[in-house]
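Here's the structure, in structure tokens; my notes come after.
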Amino acid sequence: MIEVRTEPLPITGEFPPLFALMGAHGGAGTTTLARMWAPAADTERRWPTSPLTTRRVLVVAREHMSGIAAAADVLRAALDESAPMGVTVCGLITVAAHPGRPSKDVVRYAGTVSELAPHSYRIPWVKSLIPLLHRQLPTWRPSDGVKTTQQTADGVIATVPSPIAAVGHQICEDLAADRAAERSDPSVTVA
């Protein structure tokens with residue numbers, strides 16, 4: 001059973017978070033992604049139930065069999081209506097577990113599990129993040145668009161790596177499109 005978070009999600013920027021990242025398991029990458037995406041907040045592996053901040057959730061899993069299986073459990077719980085009222089699962093984010101391509105079995109399983117979510121995204125391995133502490137991570141905002149990754153003179157990244165910014169950008173676009181579809185046809189429930 002997944003725990004519930006009744007307190008509002010943290011507001012780390014100018015505005016409340018647009019979406020919440022819920023790790024399907026420990027080490028999924030939610031804290032790192034929430035630090036880099038200004039419109040995101042980390043739910044700390046709990047369903048976000050406070051109406052004061054977003055209840056739109058993206059499930060995050062490391063791209064290995066155990067991670068994908070944990071994501072499947074969370075997504076099935078949402079589909080079985082085990083998620084608290086008001087919580088909407090909007091997508092699945094898989095985060096590369098190592099450099100290079102994942103095994104065919106992992107790719108196949110992730111593809112099957114992604115069908116349980118309205119949207120799916122993949123974060124590739126980003127080597128430049130390895131030496132950084134969370135406080136050193138740059139932040140991406142939707143108004144930033146997707147830029148080429150830049151580094152400072154000492155080799156620390158100065159902008160969010162472009163593959164991560166591109167996924168953040170796509171999430172924001174998908175959420176906006178879902179919202180527009182929901183407004184144009186109130187009988188349609190879209191994440």
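With my numbering, the residue at position 38 of the sequence shown is 38, and numbering never jumps. No residue lacks a Cβ here, since even glycine has one placed at the ideal position from N, Cα and C.
Would you please state the rounded distance, in angstroms, between the beta carbons of residue 58 and residue 8? I believe it to be under 8 angstroms.
Taking the first residue of the sequence shown as 1, we reach residue 58 at position 58. Taking the first residue of the sequence shown as 1, we reach residue 8 at position 8. Actually they do not touch by this definition, with Cβ atoms about 18 angstroms apart.
Could you tell me the boundaries of the beta strand (DSSP E) in which residue 122 lies?
For this step, residue 122 is matched to residue 122 along the sequence shown. Here the beta strand (DSSP E) through residue 122 covers 120-123.
Counting pairs of beta carbons, one from the segment 18-28 and one from the segment 153-168, are three or more of them closer than 8 angstroms?
no
Are the beta-carbon atoms belonging to residue 19 and residue 164 less than 9 angstroms from one another?
As a working mapping, residue 19 is identified with position 19 in the sequence shown. As a working mapping, residue 164 is identified with position 164 in the sequence shown. Not closer than 9 angstroms, so no.
Distance, residue 79 Cα to residue 116 Cα
Numbered from its first residue, the sequence shown carries residue 116 at position 116. Numbered from its first residue, the sequence shown carries residue 79 at position 79. Whole-angstrom Cα-Cα distance: 8 angstroms.
Determine whether the beta carbon atoms of residue 29 and residue 95 lie at a separation below 9 angstroms.
One-based indexing of the sequence shown puts residue 29 at position 29. One-based indexing of the sequence shown puts residue 95 at position 95. Contact flag set, yes.
Could you please give me the residues that DSSP links to residue 88 through a beta bridge?
To locate residue 88, count along the sequence shown from 1; it is residue 88. Looking at the DSSP assignment, residue 88 forms a beta bridge with 56.
Residue burial classification, residue 91 (beta-carbon count within 10 angstroms, cutoff 16):
Here residue 91 refers to the residue found at position 91 when the sequence shown is read from its first residue. Under this definition residue 91 is a buried residue.
Give the straight-line distance between the Cα atoms of residue 110 and residue 49, rounded to the nearest whole angstrom.
Your numbering for residue 110 matches position 110 in the sequence shown. Your numbering for residue 49 matches position 49 in the sequence shown. Distance between the alpha carbons of residue 110 and residue 49 is about 27 angstroms.
Any non-hydrogen atom of the ligand FMN closer than 8 angstroms to residue 86 Cβ:
Ligands in the displayed structure: none, and consequently the ligand FMN is not present.
Assuming contact is defined by CB atoms lying nearer than 9 angstroms, are residue 169 and residue 35 in contact in what I supplied?
Along the sequence shown, read from residue 1 onward, the residue named residue 169 stands at position 169. Along the sequence shown, read from residue 1 onward, the residue named residue 35 stands at position 35. No, they are not a contact pair.
Return the chain-ordered list of same chain residues with a C-beta closer than 7 angstroms to the C-beta of residue 125, the five sequence neighbours on each side being excluded.
Here the question's residue 125 lines up with position 125 in the sequence shown. Counting only Cβ-Cβ distances below 7 angstroms, and skipping sequence neighbours, we find 96, 98 and 99.
If I measure Cβ to Cβ from residue 141 and keep anything under 6 angstroms in the same chain, skipping five residues before and after, which residues do I get?
Looking up residue 141 in the sequence shown gives position 141. So the qualifying residues of the chain are 38.
Please report the straight-line C-alpha distance between residue 17 and residue 148, rounded to a whole angstrom.
On the sequence shown, position 17 is the one that residue 17 refers to. On the sequence shown, position 148 is the one that residue 148 refers to. So the two alpha carbons sit approximately 25 angstroms from each other.
Is the Cβ-Cβ distance between residue 129 and residue 32 less than 9 angstroms?
Position 129 of the sequence shown, counted from the first residue, corresponds to residue 129. Position 32 of the sequence shown, counted from the first residue, corresponds to residue 32. Yes, the pair counts as a contact, with Cβ atoms nearer than the cut-off.
Where the alpha helix (DSSP H) through residue 185 begins and ends
For the purposes of this step, residue 185 is identified with residue 185 of the sequence shown, where counting begins at 1. From DSSP, residue 185 is part of no alpha helix (DSSP H); its letter is neither H nor E.
Let's see if you can read the secondary structure: which residues bound the beta strand (DSSP E) around residue 22?
Here residue 22 corresponds to residue number 22 of the sequence shown, with the count starting at 1. Looking at the DSSP string, the run of the beta strand (DSSP E) that includes residue 22 is 19-23.
Excluding five sequence neighbours on each side, which residues of the same chain lie with their C-beta closer than 7 angstroms to the C-beta of residue 44?
Position 44 of the sequence shown, counted from the start, is the residue given in the question as residue 44. Same-chain partners within the cutoff: 5.
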